[in-house]
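Trainee: After the structure tokens below, expect a handful of questions from me.
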Amino acid sequence: ILDLVQRPNPAQSRAEFLEALYGQILLTGNGYVEAVGPDGVPLELHVLRSDRIGLVPGADGWPVAYEYTVGARKHRFELGDGPAPICHIKSFHPQDDHYGLSPMQAAASALDVHNAASRWSKALLDNAARPSGAIVYQGGEGQLTPDQYDRLLAEMEANHQGARNAGRPMLLEGGLDWKPMGFSPSDMEFQKTKESAAREIALAFGVPPMLMGIPGDATYANYQEANRAFYRLTVLPLVGKVTEAVSHWLSGFTGEAVSLKADLDQVPALSAEREAQWRRVAGAAFLTDAEKRALLGLPKASEEAGDE
156 ILDLVQRPNP AQSRAEFLEA LYGQILLTGN GYVEAVGPDG VPLELHVLRS
206 DRIGLVPGAD GWPVAYEYTV GARKHRFELG DGPAPICHIK SFHPQDDHYG
256 LSPMQAAASA LDVHNAASRW SKALLDNAAR PSGAIVYQGG EGQLTPDQYD
306 RLLAEMEANH QGARNAGRPM LLEGGLDWKP MGFSPSDMEF QKTKESAARE
356 IALAFGVPPM LMGIPGDATY ANYQEANRAF YRLTVLPLVG KVTEAVSHWL
406 SGFTGEAVSL KADLDQVPAL SAEREAQWRR VAGAAFLTDA EKRALLGLPK
456 ASEEAGDE
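The sequence shown maps to residues 156 to 463 in the numbering used here.
Structural data, given as structure tokens:
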């Protein structure tokens, strides 16, 4: 099992496999893992795309199969009495019995607002990063000829539009005058609207806005506290959910209890917690050395001596 987890398939390392699995869960609310191997023994694990797989419910409403569709081809994974060929990990959905609800769906409105604000900002940048002004013709007739108008419009688009031309001085011929216009209050509010939408998106994924560089968020005293809260409140619960589901699924193939857990000692963001725990345990005079080692997850001293 450990070798299988270390290298799930020839095309993916463990990190790539887990990245694909967690990405599917976060983006769609569903993660599907396929076991491949002869005689029901998994030799490879593959993450299936959530948009290509569909659940087939039976007469009683429980799933009886999964169908994976690629173009015109369709493969059916039957769910029988033995181990399931597919491990389906899903987020909680209050209105769907078979599929999970992704953070993307929960933050759909905020995503639309953020995209609209980004398009608005790009439009301002394309127009020299400021609202358009007015070129006033003060000639005797008060109106340009069609040829003069077309020529002026072409020169403006070629020489005074876009980020590359920002700040370029304008050369106006006789009778033309530039009347700049300032930002309206609604223009100035778009950046704040974008930041507010970004904050909602980050919170939907359980990420402290401070870690995303979003200004105006002071929930945590510093970056280190925000990073630790991110791991404790978001990352580790998700990791625990996935490892429990995969462990139970793999146990059906091996016939033995399989338990996969995250090694918290390898998480740099939790190093301060580990140091505090070591200090508290080391200072507990009412505990024996053996009890202290057990609390810290260390082997017994006799076992270490025997190994040596």
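Ideal Cβ positions, reconstructed from N, Cα and C, are used throughout, including at glycine. Fair warning: this is a prediction, and the values are worked out from it, not measured in the lab.
CB Ile356 to CB Leu266, shorter than 8 angstroms?
Mentor: It is a contact, given that the beta carbons lie within the stated cut-off.
Trainee: Buried or exposed, going by whether 16 or more other CB atoms sit within 10 Å of the CB of Arg354?
Mentor: Buried, by the Cβ-count rule.
Trainee: Spell out a yes or no on whether the segment 220-234 and the segment 254-263 are touching, meaning 3 or more CB-CB pairs, one atom from each, closer than 8 angstroms.
Mentor: Judged by Cβ distances under 8 angstroms, the segment 220-234 makes no contact with the segment 254-263, as fewer than three pairs qualify.
Trainee: Measuring straight from C-alpha to C-alpha, what distance separates Ala289 and Ala271?
Mentor: Near 26 angstroms, if we compare the C-alpha coordinates of Ala271 and Ala289.
Trainee: From the DSSP output, in three-state form, read off Leu451 for me.
Mentor: Three-state result, Leu451: coil.
Trainee: Who are the Cβ neighbours of Val422 in its own chain at under 7 angstroms, not counting the five residues just before and after it?
Mentor: Only Tyr386 meet the Cβ criterion.
Trainee: Can you tell me whether Gly186 is buried or exposed? The criterion is at least 16 other CB atoms within 10 Å of its CB, across all chains shown.
Mentor: Under this definition Gly186 is a buried residue.
Trainee: In or out: Trp433 buried (at least 16 other Cβ within 10 Å) or exposed?
Mentor: Burial call: exposed.
Trainee: Run through the DSSP bridge pairs and tell me what Trp333 is partnered with.
Mentor: Answer by DSSP bridge pairing, in chain order: Ile290.
Trainee: For Gly216, which of Ala445, Ile244, Asp252, Val268 has the nearest alpha-carbon?
Mentor: Ranking the options by Cα distance to Gly216, first place goes to Asp252.
Trainee: Using a threshold of 8 angstroms, state whether the C-beta atoms of Val191 and Val202 are closer than that.
Mentor: Contact flag unset, no.
Trainee: Measuring straight from C-alpha to C-alpha, what distance separates Asp305 and Lys334?
Mentor: For Asp305 and Lys334, the distance between alpha carbons rounds to 20 angstroms.
Trainee: Is Arg169 closer than 8 angstroms to Gln161 when the C-beta atoms are compared?
Mentor: Taking 8 angstroms as the Cβ cut-off, Gln161 and Arg169 qualify as a contacting pair.
Trainee: At which residues does the alpha helix (DSSP H) containing Arg387 begin and terminate?
Mentor: That residue, Arg387, is in no alpha helix (DSSP H); it is neither H nor E in DSSP.
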